[in-house]
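*Asks:* First residue of the sequence shown: 360, per our numbering; consecutive thereafter.
From the three backbone atoms N, C-alpha and C, an ideal C-beta is built for every residue, glycine too.
I'd like to ask you about the structure that follows.
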Amino acid sequence: MGAARVARGATFSLLACLIAVGSVRAGTVEVQISLPVLQKIDVTGMRRILVGGFRSNDDPVVDIDVEYVNYLRAMLKKRSTFDILDAEAPPLPEQELSAVIQNSSYWKRLGERFSADLIIAGVLNFDRTDKSGFMQEDIISPVTGQRYRRTRYAEREGFNFSVTLYFFKGENGELLYEQHLTEEAVYDGRGTDGLSVLNQLSERSAPEILGVLMPRQKTETRYLFEE
Numbered sequence: 360m361g362a363a364r365v366a367r368g369a370t371f372s373l374l375a376c377l378i379a380v381g382s383v384r385a386g387t388v389e390v391q392i393s394l395p396v397l398q399k400i401d402v403t404g405m406r407r408i409l410v411g412g413f414r415s416n417d418d419p420v421v422d423i424d425v426e427y428v429n430y431l432r433a434m435l436k437k438r439s440t441f442d443i444l445d446a447e448a449p450p451l452p453e454q455e456l457s458a459v460i461q462n463s464s465y466w467k468r469l470g471e472r473f474s475a476d477l478i479i480a481g482v483l484n485f486d487r488t489d490k491s492g493f494m495q496e497d498i499i500s501p502v503t504g505q506r507y508r509r510t511r512y513a514e515r516e517g518f519n520f521s522v523t524l525y526f527f528k529g530e531n532g533e534l535l536y537e538q539h540l541t542e543e544a545v546y547d548g549r550g551t552d553g554l555s556v557l558n559q560l561s562e563r564s565a566p567e568i569l570g571v572l573m574p575r576q577k578t579e580t581r582y583l584f585e586e
């Protein structure tokens, strides 16, 4: 009886060791892989792009729609292979946005007027909000080296940026794609330069805009099991 108990104990110990070794060996390795992503619309035969026709909210300092059109035009010139027209497109007609978007005759006439294969228009909002308030922060004492938490009042500004882009085919005014993008940021202090923030937040969404027109590479994380 005692011998059998000892044998069972030895077997259990051996299994425990094997399980422990297996747990150590059965680890994972994190790797980054690049995956091809096709563009959202078929741009076969399209070369000339007209940027313009944007609506925006009012801002006391920044001419939001003008500055965004300038950014978008410059970004596409630099990062795409299309011919970006320098012509200033007229503002969107003064009617309900849904009616403007569905007015294929208007976009067709615009395409003919500027000899544009593709027209990008849209609406955007850029808001500044007061984010001041009490916040907690970790402090390390220069005397004791200990870490402690304190509460202090901090002045901060928040910015919210949202844009909806519409891509129209110049040949017939057809709406090919609709894209909605949002970004936000918070900055310490007051008096942050609104134009700089607008360009920074616009830049964050640039890869998504380019992905509508051109194929791109997307990086994703994968986990491989070690043997």
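Using the three-state DSSP reduction, which class does residue 410 fall into: helix, strand or coil?
*Replies:* strand
*Asks:* Buried or exposed: which applies to residue 371, given that a residue is buried once 16 or more other Cβ atoms fall within 10 Å of its Cβ?
*Replies:* Low local confidence applies: a pLDDT of 44 at residue 371 is under 50, so the model's placement there is unreliable, and no value is given.
*Asks:* Report the CB separation of residue 470 from residue 447 in whole angstroms; it is logged as a contact under 8 Å.
*Replies:* About 15 Å; that fails the 8 Å criterion.
*Asks:* Closer than 8 Å is the cut-off here; do at least three beta carbon pairs connect the region 560 to 574 with the region 534 to 549?
*Replies:* Short answer: they touch.
*Asks:* The ligand ZN heavy atoms versus the CB of residue 565: any closer than 7 Å?
*Replies:* What this structure holds is no ligand at all, so the ligand ZN is not there to describe.
*Asks:* For residue 582, count neighbouring Cβ atoms within 10 angstroms of its own Cβ and tell me buried if that reaches 16, exposed if not.
*Replies:* Classification for residue 582: exposed.
*Asks:* Based on DSSP bridge pairs, tell me the residues matched to residue 356.
*Replies:* No answer is possible for residue 356: it lies beyond the span of the chain, which begins at 360 and ends at 586.
*Asks:* Identify which residue in 418, 419, 430 and 505 has its Cα closest to the Cα of residue 563.
*Replies:* 430
*Asks:* Between which two residues does the beta strand (DSSP E) harbouring residue 496 extend?
*Replies:* 492 to 499
*Asks:* Straight-line CA distance for residue 518 to residue 552?
*Replies:* 11 Å
*Asks:* Which first and last residues belong to the beta strand (DSSP E) in which residue 579 is found?
*Replies:* 575 to 584
*Asks:* So who's on the other strand from residue 395, going by DSSP bridges?
*Replies:* 576
*Asks:* Buried or exposed for residue 509, going by 16 or more other Cβ atoms inside 10 Å?
*Replies:* exposed
*Asks:* What first and last residue would you give for the alpha helix (DSSP H) that runs through residue 433?
*Replies:* DSSP places residue 433 inside the alpha helix (DSSP H), whose first and last residues are 423 to 438.
*Asks:* Can you tell me the Cβ-Cβ gap for residue 524 and residue 479, rounded? I've got them flagged as a contact below 8 Å.
*Replies:* 6 Å
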